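Numbering (my numbering), first residue to last: 6 to 354.
Idealized CB from N, CA, C, for every residue including glycine.
The structure presented is a predicted model; accordingly, all values stated were derived computationally and were not measured.
First up is the structure itself, then whatever we jot down about it.
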């Protein structure tokens, strides 16, 4: 049987005049990847690529004077904007589509350059999904409604909490009453290269009875878990998608839970689906409530780095040049060195 060709159906309405008017527009990142930054509390913290998208959008009216910008927000994996297109004799029949293609093309070029230099997560050759969503704004009340939606979008993203992060627990819940040392490391780095570094402390060093807390998701985080279990270091493991049943837990962690020096917690019931919002919130939970924060390698524009910056636990990097041919920062953050022994020593192991 011959393969049936794929035809893309446009989201545009043939009965609408796209040469002028008021519009609300939404553009989604390909594969819904959160590549522009992260949400901390009720605010979006943009990485260098996300800020470049903001800058490019703000400069659009200088090149296309028929475009007037109102409220807009760059979210971790999508873009919302409220805009007006003034009529011009030179406007195309689908002027809105023309402007969106210029915006998507320009920001995609920036993404491509940063991707080539290793300054941003590689999500493939495309940045945006093929089409976009638009809504013709026809009244003042509708305009104000879109303003409210755009302004509250970061808060609404964070309000999807799925209950307390400790809603489901397995093990010694008394460990939640101890001071916590958080450990995070980005995906994509080798476990063998793990060198824990302390980047922040609330006041001096955490006391001896502190516990290690992490989602233990990335390779370096799992290596930290392996070393901590070997040293019988008290710890709390946070599972964004639900605490696994005991026979599916890491054997060392299961044994530590049985012996009373480990705890597994989650905001979701066992067997729940992994959700990017929940995973982000779990990391915010452990970082925000830590007495100390230690890190492995952090991606330059990854979620963890942006969250640490947003929480004031890490200084932002120097501005990244996005013009072709100019280089940016290294792929991993240069954290303040700590000592490997301090991370695992004594009763804190």
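When the options are compared against residue i, the one with the closest alpha-carbon
{"i": "residue 74", "options": "65, 82 and 80", "result": "65"}
{"i": "residue 30", "options": "139, 181 and 44", "result": "139"}
{"i": "residue 271", "options": "105, 257 and 286", "result": "286"}
{"i": "residue 311", "options": "190, 236 and 263", "result": "190"}
{"i": "residue 268", "options": "216, 202 and 306", "result": "216"}
{"i": "residue 112", "options": "34, 212 and 246", "result": "34"}
{"i": "residue 108", "options": "130, 61, 244 and 264", "result": "61"}
{"i": "residue 281", "options": "67, 244, 205 and 58", "result": "244"}
{"i": "residue 84", "options": "222, 98, 68 and 59", "result": "59"}
{"i": "residue 118", "options": "203, 227, 212 and 57", "result": "57"}
Euclidean distance between Cα positions of residue i and residue j
{"i": "residue 63", "j": "residue 110", "result": "15 Å"}
{"i": "residue 330", "j": "residue 147", "result": "Note that residue 330 scores a pLDDT of 33, beneath 50, so its modelled location is shaky; the value from the coordinates is reported in the next line. Going by the C-alpha atoms only, they are around 44 Å apart."}
{"i": "residue 155", "j": "residue 149", "result": "10 Å"}
{"i": "residue 199", "j": "residue 120", "result": "24 Å"}
{"i": "residue 257", "j": "residue 284", "result": "23 Å"}
{"i": "residue 145", "j": "residue 152", "result": "10 Å"}
{"i": "residue 261", "j": "residue 240", "result": "9 Å"}
{"i": "residue 303", "j": "residue 103", "result": "38 Å"}
{"i": "residue 36", "j": "residue 128", "result": "8 Å"}
{"i": "residue 114", "j": "residue 236", "result": "48 Å"}
{"i": "residue 179", "j": "residue 321", "result": "36 Å"}
{"i": "residue 253", "j": "residue 279", "result": "16 Å"}
{"i": "residue 313", "j": "residue 87", "result": "30 Å"}
{"i": "residue 76", "j": "residue 319", "result": "29 Å"}
{"i": "residue 206", "j": "residue 181", "result": "18 Å"}
{"i": "residue 135", "j": "residue 212", "result": "53 Å"}
{"i": "residue 98", "j": "residue 130", "result": "29 Å"}
{"i": "residue 255", "j": "residue 175", "result": "13 Å"}
{"i": "residue 41", "j": "residue 143", "result": "31 Å"}
Neighbourhood of residue i by C-beta distance below 6 Å, restricted to the same chain and skipping five residues each side
{"i": "residue 187", "result": "218, 291, 292, 295 and 298"}
{"i": "residue 71", "result": "90, 91 and 93"}
{"i": "residue 225", "result": "190, 194, 196, 199 and 301"}
{"i": "residue 24", "result": "96 and 100"}
{"i": "residue 105", "result": "137"}
{"i": "residue 266", "result": "239"}
{"i": "residue 259", "result": "251"}
{"i": "residue 214", "result": "183"}
{"i": "residue 276", "result": "247"}
{"i": "residue 171", "result": "270"}
Own chain residues within Cβ distance below 7 Å of residue i, not counting five before or after
{"i": "residue 116", "result": "54, 125 and 132"}
{"i": "residue 308", "result": "39, 43 and 285"}
Nearest-angstrom Cβ-Cβ length linking residue i and residue j, presumed shorter than 8 Å
{"i": "residue 27", "j": "residue 89", "result": "5 Å"}
{"i": "residue 21", "j": "residue 141", "result": "6 Å"}
{"i": "residue 201", "j": "residue 229", "result": "7 Å"}
{"i": "residue 288", "j": "residue 220", "result": "6 Å"}
{"i": "residue 52", "j": "residue 306", "result": "4 Å"}
{"i": "residue 242", "j": "residue 173", "result": "Actually they do not touch by this definition, with Cβ atoms about 12 Å apart."}
{"i": "residue 192", "j": "residue 223", "result": "5 Å"}
Neighbourhood of residue i by C-beta, 8 Å cutoff - its chain only, sequence neighbours within 5 removed
{"i": "residue 317", "result": "none"}
{"i": "residue 159", "result": "44, 47, 48, 49, 78 and 80"}
{"i": "residue 227", "result": "196 and 221"}
{"i": "residue 169", "result": "272"}
Would you mind listing the alpha helix (DSSP H) stretches within the region 219-243 that are 4+ residues and don't spill past its ends, in chain order?
Qualifying alpha helix (DSSP H) stretches, in chain order: 224-235.
Ignoring anything shorter than 3 residues or poking outside the region 65-152, list the beta strand (DSSP E) runs there in chain order.
Fully contained in the region 65-152 are the following beta strand (DSSP E) runs of length 3 or more, in chain order: 72-79, 83-90 and 138-142.
At what residue ranges does the region 241-304 contain a whole run of the beta strand (DSSP E), taking only runs of 3 or more?
Every unbroken stretch of the beta strand (DSSP E) spanning 3 or more residues and falling wholly within the region 241-304 is given here in chain order: 267-271 and 297-300.
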